[in-house]
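Notes for the one structure printed next.
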Amino acid sequence: MATRDAACYVWDFWWMAHSVEHFNFPWSTTYLAAPGGTQFGLHALMPLLGVVMMPVTVLFGPSASFNLVSIALPGLLAYAMYRVARLWLQSQIAAIAAGAFFGFSAIVDLWAWIHLNLAAGALFVPLALEAAVRMRRRPGPRQAVTLGLVLGAGVLVDQDSAVMAAILAGAAVVPWLVGRPVPGDPADDSIAARTLRARRWRRLLPTALAGATTAVVASPQLVAIADEAKVGGPVKPTAATSYLHGAGLPSFFEPSPRVTDFGLHIPHAAGFFTYGTVLSVLAVAGLILSWRQRRAWWLAGAWLGATLLALGSDVHFSGHAYLLVPQVWHGARLSSVMPFTWLVRTPGLATFRFPYRIGVVGLVPAAVLAGFAVNWFRQHAKPAMIAVFAIAVLEAGISRVPGESSMPTALPAVERPIAADRSASIVVDVPFGIRGGIGIIGQPFAPEALVLATFDGHPVAEANLSRIPTTTDLSIRSEPFYAGLMRTQNGHNVSRPNLKAAAMNARSMDVGWVRLWTPNPLLQHYLLATGFRFDYRAQGVSVYRLALAGGPST
Numbered sequence: 041m042a043t044r045d046a047a048c049y050v051w052d053f054w055w056m057a058h059s060v061e062h063f064n065f066p067w068s069t070t071y072l073a074a075p076g077g078t079q080f081g082l083h084a085l086m087p088l089l090g091v092v093m094m095p096v097t098v099l100f101g102p103s104a105s106f107n108l109v110s111i112a113l114p115g116l117l118a119y120a121m122y123r124v125a126r127l128w129l130q131s132q133i134a135a136i137a138a139g140a141f142f143g144f145s146a147i148v149d150l151w152a153w154i155h156l157n158l159a160a161g162a163l164f165v166p167l168a169l170e171a172a173v174r175m176r177r178r179p180g181p182r183q184a185v186t187l188g189l190v191l192g193a194g195v196l197v198d199q200d201s202a203v204m205a206a207i208l209a210g211a212a213v214v215p216w217l218v219g220r221p222v223p224g225d226p227a228d229d230s231i232a233a234r235t236l237r238a239r240r241w242r243r244l245l246p247t248a249l250a251g252a253t254t255a256v257v258a259s260p261q262l263v264a265i266a267d268e269a270k271v272g273g274p275v276k277p278t279a280a281t282s283y284l285h286g287a288g289l290p291s292f293f294e295p296s297p298r299v300t301d302f303g304l305h306i307p308h309a310a311g312f313f314t315y316g317t318v319l320s321v322l323a324v325a326g327l328i329l330s331w332r333q334r335r336a337w338w339l340a341g342a343w344l345g346a347t348l349l350a351l352g353s354d355v356h357f358s359g360h361a362y363l364l365v366p367q368v369w370h371g372a373r374l375s376s377v378m379p380f381t382w383l384v385r386t387p388g389l390a391t392f393r394f395p396y397r398i399g400v401v402g403l404v405p406a407a408v409l410a411g412f413a414v415n416w417f418r419q420h421a422k423p424a425m426i427a428v429f430a431i432a433v434l435e436a437g438i439s440r441v442p443g444e445s446s447m448p449t450a451l452p453a454v455e456r457p458i459a460a461d462r463s464a465s466i467v468v469d470v471p472f473g474i475r476g477g478i479g480i481i482g483q484p485f486a487p488e489a490l491v492l493a494t495f496d497g498h499p500v501a502e503a504n505l506s507r508i509p510t511t512t513d514l515s516i517r518s519e520p521f522y523a524g525l526m527r528t529q530n531g532h533n534v535s536r537p538n539l540k541a542a543a544m545n546a547r548s549m550d551v552g553w554v555r556l557w558t559p560n561p562l563l564q565h566y567l568l569a570t571g572f573r574f575d576y577r578a579q580g581v582s583v584y585r586l587a588l589a590g591g592p593s594t
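Positions 41 to 594 (the working numbering) are the ones given, in order, by the sequence shown.
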C-alpha cells in the first residue's frame, strides 16, 4: 500500500532486525527525525512481531515481512477465534464459522491492509479470552502463566489492542474472581466457610500470577512508555477529535461495502467499520436459540458493552452527531453518559485513540453467538445453513481499499549513489514533515522515503509516529535548516540571515542528501542557498547533495 503507515511498518521491521543484529536498544533511535531522534514507547513498533519475522527480514527484506504478515493475518485471526469458539461450541462447523466471521470480517481485514499493528494486535483479543476461560475452568499456575504470556505479548505488539484484550479477559475473570461472598462472620470456622475461603484463594493466586507474568513479559515496553512519559510523552494527551471518532448507528450493523464488489447496489455501511448484517442477525438468533444458557447472556453482555464503548463519546445516528450531557476534558467536548468518556479518563488510557476500534472486542462474542445459530441450522435446517454461508461470503473481508495503490519496494536508480555513501549523513525528503496520529509537523512526505531508508541505511529527517514525543517536536523545530525548509514549503521566503544560519545548521547536523519529490522553484532556491547542489535526477526524484560533501556532479 502506498501509504506512510505501510512504509512505517516496513521501516519498523528493518529497525528491529537491525537492533537485534547490532545489540541496540530498539525503543529509541536517531535513524528517524535525525539528528535528535525519537522514542518508540508510544509508537506502533511491534517489537515482538519484528523479532519473530527477523529471519524473513534478513533474508528477503523488510517489505517481504510486511507483505507476508499482511497476507497471513486473516487466517491466523480466524484460527484464534476458532479456538475460542471450541470452548463453547461442540460442533466443528459452527466453530469454523465463528472463526471465519472474526478473521474475515471487514474490520480486521481492513487493518491487515492499512493498519498492520491493529490487525496483529487483534490476534491477542480472542487468545486472551481463551486463556482467561481456561484459567477459570482449571485454575492453576500453567493456565495463569499462559494468560500472562498472552497479555504481555499483546503489549509487545500493539498497546491499544492489548488494552482491548485486557478488557475482554477482565470481563471473563472478574465475575469469577469475585464469585459468591463468604457467608457469615470471617471468623466462622465451619467447614463450609473454610471451603469457600479456600476456593477464593484458588482464584486469587492464579489471577495474581497472571498479572505478574503480564508485567514481566510487557516490562520492556512499559519501561519505554514510562521513559517517554518522563521526558514529555506525546505532544498532546490525545487529538481532541479522536475521542469522537466512534462507530455510527445503524451503520455498525449494516452490510459491508464489500457487497458492491458483487454488483449488489443495496444500502450498506459508509465504511468498513461494521459487524456486518449477516453476523449481527446470526448473533441475535444465536442468543434467542440459547437464551436458557447463562454463557449466552454473558456473551451478549460483552457484545453490548463493547458496542457501547465503540460508539465513542457522541452518538452518530444516520449521519447526525448527538452529544449527550456534554463536558469538556483536555479541550474535547465529551458526553458524560457514554462509557468511552470514562474509559479514557482511567490513568494511563488518556491517549487511547479512535473508539470505533473497540468494535473488534465485540466481534468475539458476536462470532460465538453466531456459532450457536449455525449449530442449530446444522442440526435442524442444513439447506438454510448453506444459504446463510453463501450470503455471508458477500460480506467477507475486503477486496481492495478505495483510493489506495501499491508502492515499489525499491527505487534503485535513486538509491544507488546514496547507498554508496558509507557515511552516517542524514537524508532529508522534501516535502518534509514529522507525521503522527497525535502531533503533526510540516507537510506529508513521500511514503517511499521510509522504504528507501531501509535500503541505504542512512538516518532520515522525517518520521511517521503513532504519537510524536514532545522532545522530538522541539528538536525538529529548533533546527534552523528544518525550520526554514518548512517555512519555504509553505510558500514563504526566508531572510538572508536565516538562510545563512540554515546553511551552517545543515553542515553541523551532517545533512548529506536531499531528495526533492515534487519540483518546486522556491524549494530549489532554498536548497541552493543553503549549500546544496543538484546532483542527479532519477525515477522522477531530484537528488541534491551538500556541496562540501564532494563527488562529481552528474
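Glycine included, C-beta positions come from ideal geometry on N, C-alpha and C. As the structure is a computational prediction, the values presented were derived from the model and not from experiment.
For residue i, the first and last residue of its enclosing beta strand (DSSP E)
i      : result
Arg585 : Val581 to Leu586
His360 : His360 to Tyr362
Asp575 : Phe572 to Ala578
Gln367 : Pro366 to Trp369
Gly552 : Val551 to Leu556
Ala503 : Ala503 to Arg507
Ser375 : Ala372 to Ser375
CB contact check: residue i to chain E, cutoff 8 Å
i      : result
Val554 : As a matter of chain content, chain E is missing from the structure shown, which is built from one protein chain.
Unbroken alpha helix (DSSP H) run spanning residue i, endpoints
i      : result
Asp45  : Arg44 to His62
Ala523 : Pro520 to Gln529
Gly192 : Pro181 to Val195
Ser103 : Pro102 to Ala125
Trp382 : Pro379 to Leu383
Arg174 : Phe164 to Arg177
Leu208 : Gln199 to Val218
Ala140 : Gln132 to Gly143
Thr317 : Thr317 to Leu329
Trp153 : Ala146 to Ile154
Pro87  : Pro87 to Val92
Sequence-distant residues of the same chain with beta carbon closer than 8 Å to residue i, five excluded per side
i      : result
Asn64  : His58
Leu539 : Gly524, Tyr566, Ala569 and Thr570
Trp331 : Trp337
Arg44  : Arg475, Pro484, Phe485, Pro487, Leu490 and Asn504
Ile508 : Thr78, Pro274, Val275, Ile474, Gly476, Ile478, Gly479, Ile480 and Ile481
Val365 : Ser375, Ser376 and Val377
Gln261 : Trp67, Gly81, Pro87, Val195, Leu196 and Gln199
Met41  : Trp153, Ile154, Val441, Glu444, Ser445, Ser446 and Met447
Gly531 : Leu562
Ala342 : Leu208, Ala211, Val401, Gly402, Val404 and Pro405
Val96  : Ala104, Ser105 and Leu108
Beta bridge counterpart(s) of residue i as assigned by DSSP
i      : result
Gly288 : His356
Leu562 : Answer by DSSP bridge pairing: none, since Leu562 is not bridged.
Gly473 : Gly482
Arg335 : Paired residue(s): none; Arg335 is not in a bridge.
Val467 : Val500 and Trp553
Ser296 : The partner list for Ser296 (beta bridge, DSSP) is empty, contrary to what the question assumes.
Ser68  : Gln79
Own chain, CB closer than 6 Å to residue i, minus 5 neighbours either side, in chain order
i      : result
Pro226 : Because the pLDDT at Pro226 is just 42, under 50, the model does not fix this residue reliably, and the point stays unresolved.
Arg174 : Gln183
Asp229 : Interpretation of Asp229 is limited by its pLDDT of 48, a score under 50 that renders its predicted location unreliable; no figure is taken from the coordinates.
Pro75  : Met549
Val414 : Ala134 and Ala137
Val467 : His498, Val500 and Trp553
Leu217 : Arg243 and Thr247
Other residues of its chain near residue i: CB distance less than 7 Å, five sequence neighbours each side excluded
i      : result
Gln579 : Leu451, Ala453 and Val454
Leu189 : Thr253 and Val257
Kindly confirm or deny that the region 316-331 and the region 156-176 touch, where touching means at least three C-beta pairs closer than 8 Å.
-> In short, these stretches do not touch, since the Cβ pair count stays below three.
Contact between the region 391-410 and the region 340-354: three or more CB pairs below 8 Å?
-> Verdict: yes, contact present.
Do the region 125-134 and the region 146-161 make contact, defined as three or more Cβ pairs closer than 8 Å?
-> No: the two stretches stay apart, fewer than three of their Cβ pairs being nearer than 8 Å.
Quick one: complete alpha helix (DSSP H) runs, 4+ long, within the region 385-462?
-> Counting whole runs of 4 or more residues, the region 385-462 contains the alpha helix (DSSP H) stretches 399-420, 422-433 and 452-460.
Taking 8 Å as the threshold, find out whether the region 165-181 comes into contact with the region 201-208 through three or more Cβ pairs.
-> Counting Cβ pairs under 8 Å, three or more are found: they touch.
Taking one C-beta from the region 490-501 and one from the region 459-469 each time, how about it: are there three or more such pairs within less than 8 Å?
-> Three or more Cβ pairs closer than 8 Å define a contact, and the region 490-501 meets that threshold against the region 459-469.
Pair every Cβ in the region 184-200 with every Cβ in the region 255-268, then say whether three or more of these pairs are closer than 8 Å.
-> When C-beta atoms of the region 184-200 are compared with those of the region 255-268, three or more pairs fall below 8 Å, so the two segments count as touching.
Do the region 79-88 and the region 282-301 touch if we need at least three Cβ pairs shorter than 8 Å?
-> Verdict: no, contact absent.
Between the region 377-387 and the region 290-307, do three or more beta carbon pairs fall short of 8 Å?
-> As far as the Cβ criterion goes, the region 377-387 does not touch the region 290-307, which means the pair count is below three.
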